[in-house]
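Accompanying notes for the structure given below.
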Amino acid sequence: MFQFIIYLRAICAVIITNAHYEEIYPISIVANGGLLGDVLFFAISGYCLYNIKTDFVQWYGKRILRIYPAVWIITLIYLVLGFYSAGSILEFVKLMIYPTYYHFVASIMILYIIYYVLICILKKHNQNPEKLLKLYMITILAIYIVVYLVVYDKSYYHIDSVYEPAIRFLFLESMLLGAWFREKGMQVTQKRPPHSWVAVLVCFVLYFASKMVFSRYRIFASYQILNQLLLFLLLFFAFKTFAGLEAEYKKLPRILQTLGKNISTITLEIYLVQYALIPRLNILRFPFNFIIVTVGIWGTAMALHWITDNMIVCVRKAFDRKKG
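As structure tokens, then:
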């Protein structure tokens, strides 16, 4: 795996978790940026999954095996503990299969299908994959804008809500951007663009400034799609910048390398466990609540990862014995 993917994935987990700490910090605005972490995750998925070599059933089956065992285990545990509730069989099925309690799971399992189809078409019929990926992104953006202009409720700011169905246009765009970076290959990981951090900083400031303006002044709500365009621009420069530092990550202090790899390994589990834990572990004043919640999330995520890995190993061994 590319080194920049490891650290970028770890940073995404930190950003998303931080965005859920509104009740942890004395100033809630510090808990922000969750959508940035989401689009980075989707771009990472698009980057890592670009080289498709198997049929859809096998490919999608691997995605299910990566995500759902952890979802099932933590959902069952939280149901037993009373953190979640399912009053009927239908509600139970929704928690376990679709859409689950987690917006990321619902979105990624749908977008995997679309992504697979688009990439297979690209690989099979096109001599210029980079150009077709750009065409994909332009087309999806055009559809998104039409949907925004025709049916989107622009009376108030809500375009950055992960529970808005239209947000999946942005997530798919992010996956395809990741695929585009992968197609460019060594041009990205061996080329450190000049002034890249300046571009990241400028886009970062503009994105959060626009978010504040659109959310505070309803008169500007009609133009809130500009916030998504700025976020996508920020995603582009952030991904490009981190990829361009590929050769530098081995120079990081050993403790940062270990921490980055550890968090990167359990990013899914960190995401799954935190919703129920944050309000229940928030029992002291800052900064003690921050320490307790963060350690609790990390420890629970590690335990969930260990349980899931061992369960998958046991199932595979049983399947191999039955097959043999």
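Residues in the sequence shown are numbered from 430 upward in steps of one, following my numbering.
Each residue gets a CB set at the ideal place from its N, CA and C atoms; glycine is no exception.
What's the call for residue i, buried or exposed, on a 16-neighbour Cβ count within 10 Å?
i, result
"Ser651", "exposed"
"Thr483", "exposed"
"Ile720", "exposed"
"Ile456", "exposed"
"Thr755", "Here the chain comprises residues numbered 430 to 753, so residue 755 is not present and cannot be evaluated."
"Ser639", "buried"
"Cys632", "buried"
"Glu698", "buried"
"Arg438", "buried"
"Ser536", "buried"
"Gly490", "exposed"
Is it true that the CB of residue j sits closer than 8 Å to the CB of residue i?
i, j, result
"Phe598", "Ser625", "no"
"Leu706", "Val724", "no"
"Leu396", "Leu464", "The structure shown does not extend to residue 396, since the chain is modelled only from 430 through 753, so no value can be given for it."
"Tyr700", "Tyr541", "no"
"Phe643", "Asn656", "yes"
"Ile692", "Ala460", "no"
"Ser603", "Gly466", "no"
"Ile726", "Ile654", "no"
"Glu612", "Leu674", "no"
"Thr696", "Pro498", "no"
"Phe471", "Phe600", "yes"
"Ile435", "Lys680", "no"
"Ile473", "Gly607", "yes"
"Ile453", "Phe715", "yes"
"Tyr636", "Phe433", "no"
Below 7 Å, is the gap between the Cβ of residue i and the nearest heavy atom of the ligand FAD?
i, result
"Arg438", "Although the ligand FAD was asked about, the structure shown includes no ligands whatsoever."
Are the C-beta of residue i and some C-beta of chain D separated by less than 8 Å?
i, result
"Ala535", "Any reference to chain D falls outside this structure, which holds one protein chain only."
Go through its chain and collect everything with a Cβ distance to residue i's Cβ below 8 Å, but skip five positions before and after it.
i, result
"His572", "His is not the amino acid found at residue 572; the sequence shown has Ile there. Contacts found: Phe598."
"Arg647", "Ser584, Tyr585, Tyr586"
"Ala595", "Tyr573, Val576, Tyr577, Tyr581, Ile588"
"Thr529", "Val500, Thr504, Lys523, Ala535"
"Ile400", "Nothing in the structure corresponds to residue 400, since the chain is present only between 430 and 753."
"Ile712", "Asn718, Ile721"
Please work out which residues of its chain come closer than 6 Å, Cβ to Cβ, to residue i, disregarding the five sequence neighbours upstream and downstream, and give them in chain order.
i, result
"Val486", "none"
"Ile548", "Ile481"
"Arg492", "Tyr541"
"Leu630", "none"
"Glu451", "Ser457, Ala460"
Give me, in chain order, the residues of the same chain whose beta-carbon lies closer than 7 Å to that of residue i; leave out the 5 immediate sequence neighbours on both sides.
i, result
"Val824", "A query on residue 824 cannot be resolved here, the shown segment of the chain reaching from 430 to 753 and no further."
"Leu710", "Ile721, Val722, Gly725"
"Met525", "Trp501, Thr504"
Report the residue ranges of all alpha helix (DSSP H) runs contained in full by the segment 487 to 570; include only those spanning at least 4 residues, in chain order.
Within the segment 487 to 570, the runs of alpha helix (DSSP H) that reach at least 4 residues and sit entirely inside it are, in chain order, 518 to 525, 532 to 554.
Which ranges would you report for the alpha helix (DSSP H) in the segment 633 to 719 if only whole runs of at least 4 residues count?
654 to 673, 683 to 694, 696 to 710
Output the residue ranges of the alpha helix (DSSP H) runs that lie fully inside the segment 580 to 623 and measure 4 residues or longer, sorted by chain position.
596 to 613, 615 to 618
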